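First the structure, in the form of structure tokens, and then the observations on it.
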Ligand SMILES: [K+]
Ligand SMILES: [K+]
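Protein chains in written order, with the working numbering: chain A, 1 to 454; chain B, 455 to 908.
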């Protein structure tokens, strides 16, 4: 973070964020490296010896990018110390992305000359220390509150229903609460959450924490300040409506697609099917816990889940994917085009064509990353194409769901996934911020050309 | 076609095209229906009885939409009369789409207030009878010339190298020439062109006819008029450069992906591999002949071919897909965004944001159609997901390549493919023309909203 140090006293606003993209990437690389080194310590392993570097790198990247893909069993491969390192990386990664993305959003909204509700201050072209403190405090409070409540609920359930002693129950409660709110999807059970498929007291608190973390800090702040609905920002309206649509539609789709599948919920009563459907509509966006075996789901669920993963959650939160706003903006582009409107309109607000172009660019480069990753992984392994597509999307969208092939992709394949996780976690946000800083204007206007389309 | 009949003498330009989308859809539905009825005649079948309605409908749609997917063997299921009906449908479909799409392009370019090189006349808001005659004559000449030359080359080869008698050689020559230029992909051999995998004298004439037909009439006219390169329209520049890139890149990719595959070209010498690679890089855009078994290709080729099929060929020609200009415009959107340019620039021409929005809309709705079709077909059948994705893309892009599952999708599945072929053939062009006619302007400007992206 580039601090201007020539501040002339307390009253002067000191700009802090100058090159946000570099700050974010550097911070994550450093955290990832420290995590890798810690996980290579013999103390981090449950068994003898120390973890190989690729295993440590993969796990550290997966944790700090809050993805949740694993090549080794988190429950048995790592010692309690190793698991604590993973927990720390998840917390640092989730807190870091939420804070930095919020600061960048603040920064960009000022660059674009728009007021933001995050701050009552007048427009300025950079983000000051006061803003940084305000965002840090806000994210901290949200994190502590949501994680504490979730941890308490889960601990109580583990203690009362599963005969864990208080220590184990509390450790499990805290770990899964942190993993939920930060959309990490790491679990301390060898089969992830498959032992809890019908337990609403475990699945519901986790789902709620996942959704809250995935809405993103700007939306949470607006909700926390009890801004009246009719004064909600466009960003909040778009995020909440798209989230509701994806949760509702996703639950209906997944529940119906698995209804008669004996490999997952075929044998369960209807209400249990609905609970499982809901949980697995929440997880692709983008927490990545699983309470059923994705190696056993129908092709419909596989495809639907790939789409949900690709879309992901809200901006400036702990969710991954290309973000709901990216896609709802593209949806309104279609609407505008079909209606013949000159402007792209959403909820009575005009969306600038620069925002439309950002959304188009993010979506296209996202498709390119997933397709490229799938090609590479297909080349490096002999695994079935649908599983590879699922795995690649899961890595890029930092979801962490898998049909079970992660340990089989080999070391080159793991490195591909590492790159995808990093790209997926930091790509969209750094792309948008770097691009927004580079707006240029030509002195002259070129003649127009109109190629035929379609 | 809505003819204004109150023309007041020869000097008055009479507008002809008023509702181009309706004209095109109606014309194709009528042709499809007539084709279906003809193919249901007992005379159309080689064996006893007459073809079932779904088989006739599927074949007629596949022919008139110049797709080439088949549920029955064209060589043995249909009588020579039936094959002639198919040939007629291909010719009507190819000629029809090329003519109508060119007229619509002319119409739209005038609506958008731009001069077009198709006509030297001053701007007017509609297309007159003179234009219709000019386009019809142009398409007719191009069709006859390319098909005749191709037919002559193929006939000579069939006669000299394969011991066909002159009648058979000529019939095969004409049929495959028409099928090539119109990007139809129907063949009179039960294994399509698999008997000619190493025969350059068959594969090259077909490739060239396919490419010429797929460039589209506006580009062909500009080339035929020997417009100097530096005065080429943006449309021609974009189409030719993207076509060259896809042919070059596609050939390299497919050749390398199949290099060691014994199921296709593994056992052939390098030059034969290159020939086969070239041929199968040409076919997905979007002729659909195959000289190897797509059930045997590598996953890399399968994925690469899906992408090539989805992109397709040039606008206002016989090729399908979403068209090369759609994607190269989106590519320049990314370039503009990454460089921070205010305008989208391609070859020193500014691309209006309406064109960008058209491209975005066509691409997104295309993805939606393919994903939706894949979902439906997955639901209706138990076929492997990669094959279903391949089949759906092939139908929507009117390519006609298949891993071999077409006869296994069942009647409901065939109807899904029929709808996809129709949508893919007529969707993009009618969408763009219908949309362009509906440009509206609001009297007031709404306040701006700027959701976070990525
Ligand atoms: K995750
Ligand atoms: K075709």
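All C-beta atoms, glycine included, are put in the ideal place defined by N, C-alpha and C.
These numbers come from a predicted model, not from an experiment.
For residue 346(A), the enclosing beta strand (DSSP E) stretches over residues 344-346. Listed along chain B, the residues sitting closer than 7 Å to residue 375(A) by beta-carbon distance are 754 and 757.
In this structure, DSSP gives residue 341(A) an extended state, which the three-state scheme calls strand.
For residue 323(A), the C-beta contacts it makes with chain B under 8 Å involve 906, 907 and 908, in order along the chain. Taking a Cβ-Cβ cut-off of 8 Å, residue 172(A) has no neighbours in chain B, whose nearest Cβ is about 34 Å from it.
In chain A, no part has a C-beta under 7 Å from the C-beta of residue 504(B); the shortest such distance is about 36 Å.
Note on geometry: alpha-carbon atoms of residue 732(B) and residue 769(B) lie some 22 Å from one another. The beta carbon of residue 83(A) sits no closer than 8 Å to any beta carbon of chain B.
Of the residues assessed, residue 263(A) falls on the exposed side of the cut-off, its CB having fewer than 16 other CB atoms within 10 angstroms. Assignment of residue 232(A) by DSSP, reduced to helix, strand and coil, places it in the coil class. Proximity of the segment 486-501 of chain B to the segment 803-821 of chain B falls short of the contact definition, fewer than three beta-carbon pairs being nearer than 8 Å.
Looking at the backbone, the Cα of residue 357(A) and that of residue 678(B) are separated by about 36 Å. Close CB contacts of residue 398(A) within its chain, under the 7 Å cut and outside five residues either way in sequence, are with 65, 66, 67, 286, 320, 421, 424 and 425 (chain order). Under a 10 Å Cβ-count criterion, residue 682(B) is classified as exposed, with fewer than 16 other Cβ atoms of the shown protein chains found around its own Cβ.
Between ligand 1 and the CB of residue 192(A), the shortest heavy atom gap is not smaller than 7 Å.
Counting the other CB atoms within 10 Å of its CB gives residue 43(A) a total below 16, which places it among the exposed residues.
Within the same chain, 220 come within 6 Å of residue 142(A) by CB-CB distance, once the 5 residues on both sides are set aside. Residue 196(A) and residue 291(A) do touch by the CB rule: their CB atoms are close to 6 Å apart, below 8 Å. Neighbours of residue 868(B) across chain A, judged by C-beta separation under 9 Å, do not exist; the nearest C-beta is about 19 Å away. With a cutoff of 8 Å on beta-carbon distance, residue 550(B) and residue 517(B) are scored as not near each other. Interface criterion not met: the Cβ of residue 856(B) is under 8 Å from no Cβ in chain A.
Within the same chain, 549, 552, 553, 556 and 671 come within 8 Å of residue 593(B) by CB-CB distance, once the 5 residues on both sides are set aside. Taking a Cβ-Cβ cut-off of 8 Å, residue 476(B) has no neighbours in chain A, whose nearest Cβ is about 16 Å from it. When C-beta distances to chain A are compared with 8 Å, the residues of the segment 808-837 of chain B below that value are 809, 810, 811, 812, 813, 814, 815, 816, 818, 819, 825, 828, 829, 832 and 833, in chain order. For residue 333(A), a Cβ of chain B is located within less than 8 Å of the residue's own Cβ. If you compare the alpha carbons of 388(A), 306(A), 251(A) and 108(A) with that of residue 430(A), the shortest gap goes to 108(A).
For residue 728(B), the closest of 827(B), 658(B) and 484(B) by C-alpha to C-alpha distance is 658(B).
Proximity of residue 280(A) to chain B, defined by a Cβ-Cβ separation below 8 Å, is not satisfied.
Summarising the contact set, residues whose Cβ lies nearer than 6 Å to any heavy atom of ligand 1 are, in chain order, 66(A), 67(A), 68(A), 183(A), 184(A), 185(A), 286(A), 287(A), 288(A), 398(A), 399(A) and 400(A). Residue 186(A) has its alpha-carbon roughly 15 Å from the corresponding atom of residue 403(A). For residue 449(A), DSSP records a beta bridge to 805(B). The beta carbons of residue 235(A) and residue 905(B) sit about 4 Å from each other, so the pair counts as a contact at 8 Å. Secondary structure at residue 45(A): strand, using DSSP grouped into helix, strand and coil.
The beta carbons of residue 604(B) and residue 663(B) sit closer together than 8 Å.
A buried status is given to residue 207(A), since no fewer than 16 other beta-carbon atoms sit within 10 Å of its beta-carbon.
Using a Cβ-Cβ cut-off of 8 Å, residue 329(A) counts as an interface residue toward chain B, since at least one Cβ of chain B sits closer than that to its own.
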